[in-house]
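Heads up, the sequence shown is in numbering that gives the first Met the number 0, so the first residue is 0 and it goes up one at a time. What follows is a short report on a single structure.
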Amino acid sequence: MARSIETVFMVNPLRSSPVGIDEGIGRILEESGVVDYVAMTDVLGAASFVPAQFGPENPGDAPDAGSWFDPGIALGVMATRHPNLGVLYGGIPALRRGPAELFRAGLTLASLTEGRALCWIGVGERYNTVPFGYDRAEGLGRIEDHFRLYKLLWEADAPFDFEGNFWKYERAFLGHERTHRPEFWALGGGPKLIELAASHADGWMTVIPAAAPSPEAYAKRVTTVREDVERAGRDPDAFGFGIQPLLMMHEDPDVIEAGLQSPVVRLLASMWGRFPHASWRDEGVDTVFPDGWDYSLHWDALSLSHAEIDSLLQRIPDEMVRRSFLIGTPSEVTEVVQAYVDAGATQVAPFDLLGSWGGSEVTLDAWTPDTVRWQLEMFRELKG
């Protein structure tokens, strides 16, 4: 049976906000009836992500964008207060969590939500792992262990042994209680990760237009992954295909144009615009990083001086910025997102960079009433 479209509202669990979700936003999302999941991303090293020169001159003048709650706990709090919303634990680096520990966290969230719990598992970006002592080179091997073990941890009715790339279990067992099974999707765009997803995961989530610059390109990727899922002896109709559209969405074109000049937006375009970065050349756009550069492997804002950041910003072509996002009015952007759904996406998790527009800068840590309304209208359209 084919999956129906699922919608995801992204929340940044900053420690300057209430644990869980702002009650006013939570009620709006719950009462809308069109939000399937609220997602929170596992960010530990935000200080290594955004250059310090983009922050306020006086740190106390604005919320600290580098201070995040543990999203698993925050989602649990939210689930108790808003029982009609599913929870999505996003961006979890396989490097930083043990498979059994993460699986048990998923079981806990699934029990709280009567089965409406989902985890996006990624290899882990450099900024989110290396500063805390993890070896990024182990990422793919560890994520394979994770996905193979999730199946065993759910199905085992007695202690079992396992020997993987890094994890070795001896007589491991989480107990007999089985209430609701969480879903575990692979998050990323690399060929090896997608291969692992087709063999072991419940779905695949990726960023667009970075991983698929057009609905036609996305349709080709969906077809290939479905074939890989079927070759692995699994049901492609039960497999989820998620997209996280990067949006610059507003009814006022002047706001969009101002946003496109934001240093934060331009920097994100250089890092996230295309995966891999070198594929910009296929579209006739000059790259700004050297051959072999990969955002998840190499980006570390703390290693760059102010002068190096300024030099990078000057090299970013306007065409790169404009092609890195879905840009336009809410109705125009929704039309493009719908085309990706028609191409095979079954889950949509928009990331609206203008959602926290305050008239002078994009801070990425809040919403405006308009952006909440526009996202909910998008979800209604997508759900038909």
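Where is the CB? At the ideal position from N, CA and C, for every residue including glycine. Predicted model, so just to flag it, every value in this text is computed and none were measured.
Answer with buried or exposed for residue i, where buried requires no fewer than 16 other C-beta atoms within 10 angstroms of its C-beta.
i: Asp-41; result: buried
i: Gln-52; result: exposed
i: Asp-290; result: exposed
i: Asp-317; result: exposed
i: Gly-89; result: buried
i: Val-86; result: buried
i: Gln-346; result: buried
i: His-305; result: exposed
i: Gly-232; result: exposed
i: Glu-5; result: buried
i: Arg-177; result: exposed
i: Arg-230; result: exposed
i: Ala-342; result: buried
i: Ala-197; result: buried
i: Arg-141; result: buried
I'd like to check one pair, residue j with residue i: are the Cβ atoms closer than 7 Å?
i: Pro-50; j: Ala-300; result: yes
i: Ser-3; j: Leu-375; result: no
i: Phe-350; j: Met-9; result: yes
i: Gly-65; j: Ala-38; result: no
i: Gly-354; j: Thr-370; result: yes
i: Ala-93; j: His-175; result: no
i: Asn-127; j: Glu-143; result: no
i: Lys-191; j: Leu-148; result: no
i: Met-319; j: Val-284; result: yes
i: Val-209; j: Tyr-217; result: Note on residue identity: the sequence assigns Ala, not Val, to residue 209. Result no, Cβ atoms of Ala-209 and Tyr-217 do not sit closer than 7 Å.
i: Glu-29; j: Leu-108; result: no
i: Asp-309; j: Ala-1; result: no
i: Ile-207; j: Pro-252; result: no
i: Ala-277; j: Val-7; result: no
i: Leu-101; j: Ala-78; result: no
i: Leu-296; j: Arg-125; result: yes
i: Leu-173; j: Leu-152; result: yes
i: Val-34; j: Lys-382; result: no
i: Val-335; j: Leu-325; result: yes
CB-CB under 8 Å to residue i, same chain, minus the five flanking residues each way: which ones, in chain order?
i: Asp-234; result: Val-228
i: Glu-113; result: His-179
i: Ala-338; result: Pro-214
i: Ile-315; result: Arg-265, Leu-266, Ala-268, Ser-269 and Val-287
i: Tyr-133; result: Pro-92, Leu-94, Arg-95 and Gly-123
i: Trp-271; result: Val-206, Ala-209, Leu-245, Tyr-294 and Ser-323
i: Thr-222; result: Gly-343
i: Trp-279; result: Gly-272, Arg-273, Asp-285, Thr-286 and Met-319
Cutting at 6 Å between CB atoms, please list the residues of its own chain near residue i, excluding the five before and the five after it.
i: Met-204; result: Trp-119, Trp-184, Leu-186 and Gly-241
i: Phe-274; result: Gly-188, Ala-209 and Ala-210
i: Ala-344; result: Phe-240 and Ile-242
i: Glu-182; result: Leu-117 and Asp-201
i: Arg-225; result: Pro-235
i: Arg-220; result: Ala-211
i: Gly-71; result: Tyr-88 and Ala-104
i: Leu-43; result: Asn-127
i: Tyr-36; result: Val-7, Gly-85 and Leu-87
i: Leu-106; result: none
i: Glu-380; result: Thr-333
i: Arg-115; result: Gly-85
i: Trp-292; result: His-276
If contacts are defined as beta-carbon pairs under 8 Å, then residue i and residue j qualify, I think. What distance do you get, rounded to the angstrom?
i: Arg-14; j: Phe-68; result: 6 Å
i: Arg-80; j: Gly-23; result: Actually they do not touch by this definition, with Cβ atoms about 12 Å apart.
i: Pro-329; j: Glu-250; result: 7 Å
i: Ala-99; j: Ala-155; result: Not confirmed; about 11 Å, so no contact.
i: Met-248; j: Gly-327; result: 7 Å
i: Leu-459; j: Leu-246; result: As displayed, the chain neither begins before 0 nor continues past 383, which places residue 459 out of reach and without an answer.
i: Glu-282; j: Arg-322; result: 7 Å
Short of 7 Å in beta carbon distance, which residues of its chain neighbour residue i, apart from the five on each side in sequence? Order them along the chain.
i: Val-18; result: Phe-68, Ala-73 and Val-76
i: Glu-360; result: Summary for Glu-360: the model assigns pLDDT 47, below 50, so the residue's position carries little reliability, and this model does not support an answer.
i: Trp-356; result: A caution first: Trp-356 carries a pLDDT of 41, below 50, which makes its placement in the model too unreliable to give a value.
i: Glu-169; result: Asp-160
i: Trp-373; result: Met-248 and Pro-329
i: Glu-137; result: Leu-94 and Phe-165
i: Ser-47; result: Tyr-126, Pro-130, Asp-299, Ala-300 and Leu-301
i: Ile-27; result: Val-371
Taking only beta-carbon atoms, is residue i less than 7 Å away from chain B?
i: Val-7; result: The structure shown has no chain B; it contains just one protein chain.
### Query
Along the chain, which unbroken stretches of the beta strand (DSSP E) at least 3 residues long are found entirely within the segment 95 to 162?
List check, beta strand (DSSP E) in window: 116 to 121 and 159 to 162.
#### Entry: Secondary structure, alpha helix (DSSP H): runs of 4+ residues fully inside the segment 34 to 90
70 to 80
### Runs of alpha helix (DSSP H) wholly within the segment 274 to 358 (minimum 4 residues, chain order)
294 to 297, 305 to 314, 317 to 322 and 329 to 341
### Runs of beta strand (DSSP E) wholly within the segment 233 to 264 (minimum 3 residues, chain order)
Taken in chain order, the complete beta strand (DSSP E) segments of 3 or more residues contained in the segment 233 to 264 are 239 to 248.
### Task
For the segment 202 to 233, list the beta strand (DSSP E) runs that are entirely contained and at least 3 residues long, ordered along the chain.
If we require 3 residues or more, the beta strand (DSSP E) runs fully inside the segment 202 to 233 come out as 202 to 207.
#### Entry: alpha helix (DSSP H) runs contained entirely in the segment 177 to 201, provided each spans 4 or more residues
The segment 177 to 201 contains, as complete alpha helix (DSSP H) runs of 4+ residues, the segments 190 to 199 (chain order).
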